[in-house]
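Asker: In the working numbering, the protein residues as written are 47 to 497.
C-beta: ideal position from N, C-alpha, C; glycine also.
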Ligand code: URA
């Protein structure tokens, strides 16, 4: 009997790894062959890990980044939503702590008549994930097949699901590998990962929220702006309208961090309340979504319209409708006690009088992961009930003994580790040495703006 022939590859992975290691520019063919072979399972994780690390260290040219995005996009299906007449607009964040804007924005933009087909991710590293937050609503199904996704979109104008097996499968495999090989923080890989998924959604326009600061993957504004430009250019090359807002992630967004807790804060914002920074960012991003969605002439008008949709309760109604259509318990939206509740809580108090000078945002995110709100290993499940509620934000005055944060937990040992990390994240100073950081640092690419 003849042995099974080894798969015939038109290229050798080792040659592509060496070329990138030595700072060479890869051809479109080489990148496509590598991505396709990995997606099919023809080359092993260790070779692709070596290649990813070479990309992190050597970078990529614009042509290589475009070729990688295209190859990842074409590894799966591109949704055809042309039967839905309204303009389709999505929003995507590069990841942060307490960033729950997607849950506010999808129903808010849908209430204005924009269609929002949102394909989101799970927590990555210290950052939270939209899917994990949605799944804290009892019954909510983020794994809708394409036909049902389309039905929800047609019925209520927004739907929020996870990456299906058909959408950019190359990213699914590469994302998981990057998470455990220290190869997340490359602007070229982040750009290809995000844009391959977003371009597969069948959208007309995209609003990107590129985070910068101690809780972001891109710590400096310069790096965040570089990533934003790369993504805007990639989207425009594919014929989409794309705008990127560089926004602050030097402290968590809003006050609640943790899956079910963040749903509570989302509902507060949809009721017209919630913390000022979260409300302001949602309003700004919504203004852009409405503008690019063609329902407002300017971003400023889009912001005004969004405020009215919140005041009238229409945005909250839309959220409730989407939750119900995706199998979730709509009563959990009106009664937070129907969301998962942690068994215990403890308060972290200020050791002295002064001002909250800084809050190490990545550490706060990691403290939430330690509580069980995120994953330390790929196979971990998340605890939807745990998390942290901040009572003070950067710049606030504090007195000795006053609560800084409340930790919600289910496991004593996890709570002790998280508490220590959280304590180390606070810097309380006698005076404030620097002014407040702006929430919106810059806007990159201003498609169709008529302000
Ligand atoms: N979000 C993504 O979808 N991909 C990345 O690489 C980083 C954040």
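Kindly provide the chain-ordered list of residues whose Cβ lies closer than 7 angstroms to any non-hydrogen atom of ligand 1.
Answerer: Any residue whose Cβ sits closer than 7 angstroms to a heavy atom of ligand 1 makes the list: 140, 141, 167, 170, 221, 224, 230, 235, 236, 239, 240, 243, 263.
Asker: Is the separation between the beta-carbon of residue 453 and that of residue 385 shorter than 9 angstroms?
Answerer: No, they are not a contact pair.
Asker: Kindly indicate which residue of 186, 451, 428, 58 has the alpha-carbon position closest to the one of residue 437.
Answerer: The candidate whose alpha carbon is nearest that of residue 437 is 451.
Asker: Looking at C-beta atoms only, is the number of pairs between the stretch 58-65 and the stretch 78-98 that lie closer than 8 angstroms three or more?
Answerer: Touching, yes, given that three or more Cβ pairs across the two stretches are closer than 8 angstroms.
Asker: Quick check on residue 483: does DSSP put it in helix, strand or coil?
Answerer: Three-state result, residue 483: coil.
Asker: Which residue marks the beginning of the alpha helix (DSSP H) containing residue 226, and which one marks its end?
Answerer: Premise fails: residue 226 is in no alpha helix (DSSP H) and is neither H nor E.
Asker: Are the stretch 262-279 and the stretch 140-156 touching by the rule of at least three beta carbon pairs closer than 8 angstroms?
Answerer: Verdict: yes, contact present.
Asker: Judging by CA-CA distance, which residue of 432, 131, 362, 426 is the nearest neighbour of residue 315?
Answerer: It is 362.
Asker: Tell me where the alpha helix (DSSP H) around residue 352 begins and ends.
Answerer: That run of the alpha helix (DSSP H) goes 345-357.
Asker: For the structure I just gave you, are there three or more beta carbon pairs, one from the stretch 100-120 and one from the stretch 317-335, closer than 8 angstroms?
Answerer: Too few Cβ pairs lie closer than 8 angstroms, so no.
Asker: Beta-carbon within less than 6 angstroms of residue 220's beta-carbon, same chain only, minus the 5 sequence neighbours each way: which residues are those?
Answerer: No residues qualify anywhere along the chain.
Asker: The alpha helix (DSSP H) with residue 459 in it runs from where to where?
Answerer: Segment 458-471, the alpha helix (DSSP H) holding residue 459.
Asker: Looking at the unbroken beta strand (DSSP E) that takes in residue 449, where does it start and where does it end?
Answerer: Looking at the DSSP string, the run of the beta strand (DSSP E) that includes residue 449 is 449-455.
Asker: Go through its chain and collect everything with a Cβ distance to residue 114's Cβ below 6 angstroms, but skip five positions before and after it.
Answerer: Only 77, 238 meet the Cβ criterion.
Asker: Can you tell me the Cα-Cα spacing of residue 68 and residue 236, whole angstroms?
Answerer: Going from the Cα of residue 68 to the Cα of residue 236 covers about 22 angstroms.
Asker: For the beta strand (DSSP E) containing residue 206, list its first residue and its last residue.
Answerer: Counting along the chain, the beta strand (DSSP E) containing residue 206 begins and ends at 204-208.
Asker: From residue 416 to residue 464, what does the alpha carbon distance come to, in whole angstroms?
Answerer: For residue 416 and residue 464, the distance between alpha carbons rounds to 6 angstroms.
Asker: Based on the DSSP secondary-structure assignment, which residues constitute the bridge partners of residue 165?
Answerer: Answer by DSSP bridge pairing, in chain order: 207.
Asker: Determine the direct distance from the alpha carbon of residue 250 to that of residue 290, and round the result to whole angstroms.
Answerer: Answer to the nearest angstrom: the Cα atoms are 15 angstroms apart.
Asker: Taking Cβ positions, are residue 199 and residue 161 nearer each other than 9 angstroms?
Answerer: Going by C-beta atoms, residue 199 is nearer than 9 angstroms to residue 161.
Asker: Following a CB-centred definition, is residue 295 positioned closer than 8 angstroms to any heavy atom of ligand 2?
Answerer: Ligands displayed in this structure: ligand 1; ligand 2 is not among them.
Asker: Considering only their Cβ atoms, is the gap separating residue 392 from residue 472 smaller than 9 angstroms?
Answerer: No, they are not a contact pair.
Asker: Which parts of the stretch 64-117 are runs of the alpha helix (DSSP H), unbroken and 4 residues or longer, counting only runs that do not cross its ends?
Answerer: Counting whole runs of 4 or more residues, the stretch 64-117 contains the alpha helix (DSSP H) stretches 74-86, 91-104.
Asker: Would you say the stretch 177-197 touches the stretch 297-306, given that touching needs at least three Cβ pairs under 8 angstroms?
Answerer: Touching, per the Cβ criterion.
Asker: Comparing the C-beta of residue 337 with each C-beta of chain C, is any distance below 9 angstroms?
Answerer: Reference to chain C is not applicable here, since this structure consists of a single protein chain.
Asker: Using C-beta distances below 7 angstroms, list every residue in its chain close to residue 243, excluding the 5 sequence neighbours before and after it, in chain order.
Answerer: Cβ within range, chain order: 165, 209, 213, 214, 217.
Asker: For residue 334, which of 252, 63, 233, 105 has the nearest alpha-carbon?
Answerer: With distances taken between Cα atoms, residue 334 lies closest to 252.
Asker: Could you give the DSSP three-state label for residue 136: helix, strand or coil?
Answerer: Strand at residue 136.
Asker: Closest by CA to residue 257, which one among 167, 407, 402?
Answerer: Nearest of 167, 407, 402 to residue 257, Cα basis: 407.
Asker: On the premise that residue 351 lies in contact with residue 158, defined as a C-beta separation below 8 angstroms, what is that separation, rounded to the nearest angstrom?
Answerer: Correct: roughly 6 angstroms between the Cβ atoms.
Asker: Would you decide whether residue 169 is buried or exposed? Buried here means 16 or more other CB atoms lie within 10 Å of its CB.
Answerer: The residue is buried, with at least 16 neighbouring Cβ atoms inside 10 Å.
Asker: Considering only residues of the same chain and omitting the five flanking positions on each side of residue 71, which have a CB-CB separation below 7 angstroms?
Answerer: Around residue 71: 107, 110.
Asker: Spatial neighbours of residue 382 within its chain, please: C-beta separation below 6 angstroms, excluding the five flanking residues on both sides.
Answerer: Result list for residue 382: 310, in chain order.
Asker: Is it true that the stretch 433-448 meets the stretch 280-299, where meeting means three or more beta-carbon pairs spaced less than 8 angstroms apart?
Answerer: A contact exists between the stretch 433-448 and the stretch 280-299.
Asker: Tell me, which residues are paired with residue 157 by DSSP?
Answerer: Paired residues: none, contrary to the question.
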